[in-house]
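I have placed the structure first, in the form of structure tokens, so that the comments after it can refer back to it.
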Amino acid sequence: MRQTQFAAVATMAAVLMITGCTTNNNVDTTKTTAIQPAAKDVDISDLAQGKAQFRDANYGLAEQHFRKAVELKADNAEAWMGLAASYDELGRFDFADRAYGQLLKVAGRKPQIVNNMGYSQLLRGNKKKARALLLEAKAGMADPTVVNANLALLNKG
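With UniProt numbering, letter number 11 in the sequence shown gets 11, and the count goes up by one each step, no holes.
This is how it looks when you write it as structure tokens:
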């Protein structure tokens, strides 16, 4: 009986070895499709998320999204502006200054940027510097409503 079992196992092993070693000239013509990743511009998504978090006063989360947006697209002025403003709200003025520096390189010295830089100085308590920046911004803006509000804050304090 043992010999019969051995013979059966040996035969099975031989069949497996032979079929495993043969080649099949059939070509696989099965069509496969890959699911493409959803096309999205990550920096735009992060920019939108940063704005939403900033509006909701979640400045830490806003900073994370704006930082990711500028890492992905270093010439995105809007993301640099949001990043600088987020750092201002977090009291990280050293980082805000760096972000404003990059923003000026990317977008130039525009009144809206100078206004934000003035507000940043206001938050720090640097009234003289804040006033100079805000007046510079006001001179270049067609509608100085925002700058006037910042100047009112400066005069109030």
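For each residue, glycine too, the CB sits at the ideal point set by N, CA and C.
(1) Between Ala142, Asn148 and Asp143, which lies nearest to Arg131 when the distance is taken from Cα to Cα?
(2) Can you list, in chain order, the residues of its chain whose CB lies under 7 angstroms from that of Gln121, leaving out five sequence neighbours each side?
(3) Going by the CB atoms, is the gap between Ala77 and Leu47 shorter than 8 angstroms?
(4) For Leu123, I'd like the list of residues in its chain whose CB is within less than 6 angstroms of its CB, leaving aside the five on either flank, ordered along the chain.
(5) Compute the Euclidean distance between the alpha carbons of Met141 and Arg98, then round it to the nearest angstrom.
(6) Please report the Cβ distance between Ala74 and Phe66, rounded to the nearest whole angstrom; I am assuming they are in contact, meaning their Cβ atoms lie under 8 angstroms.
(7) Taking Ala107 as part of the alpha helix (DSSP H), name the residues at either end of that continuous run.
(8) Just to confirm the assignment, what range does the alpha helix (DSSP H) spanning Asp88 have?
(9) Here's the rule: buried if 16 or more other CB atoms are within 10 angstroms of the residue's CB, otherwise exposed. What is Thr32?
This is what the structure holds:
(1) Residue numbering aside, residue 131 sits at position 131 when the sequence shown is read from its first letter. Arg131 has its Cα closest to that of Asn148, out of Ala142, Asn148 and Asp143.
(2) Within the sequence shown, numbered from 1, the residue matching residue 121 stands at position 121. Contacts found: Lys129, Ala130 and Leu133.
(3) Taking the sequence shown and counting its residues from 1, the one referred to as residue 47 is at position 47. Taking the sequence shown and counting its residues from 1, the one referred to as residue 77 is at position 77. Not a contact, by the Cβ cut-off of 8 angstroms.
(4) For this step, residue 123 is matched to residue 123 along the sequence shown. Once the five neighbours on either side are set aside, the close Cβ partners of Leu123 are Asp88.
(5) Counted from its first residue, the sequence shown places residue 141 at position 141. Counted from its first residue, the sequence shown places residue 98 at position 98. Each residue's Cα considered, the two are about 24 angstroms apart.
(6) Position 74 of the sequence shown holds residue 74. Position 66 of the sequence shown holds residue 66. Incorrect: roughly 12 angstroms between the Cβ atoms, too far for contact.
(7) To locate residue 107, count along the sequence shown from 1; it is residue 107. Where Ala107 is concerned, the enclosing alpha helix (DSSP H) stretches over Phe93 to Ala107.
(8) Locating residue 88 in the sequence shown gives position 88, where the first residue counts as 1. Asp88 -> alpha helix (DSSP H) spans Ala77 to Leu90.
(9) By one-based count along the sequence shown, residue 32 stands at place 32. Per-residue confidence for Thr32 stands at a pLDDT of 47, beneath the threshold of 50, marking its modelled position as unreliable; the derived number appears in the next sentence. Result: exposed.
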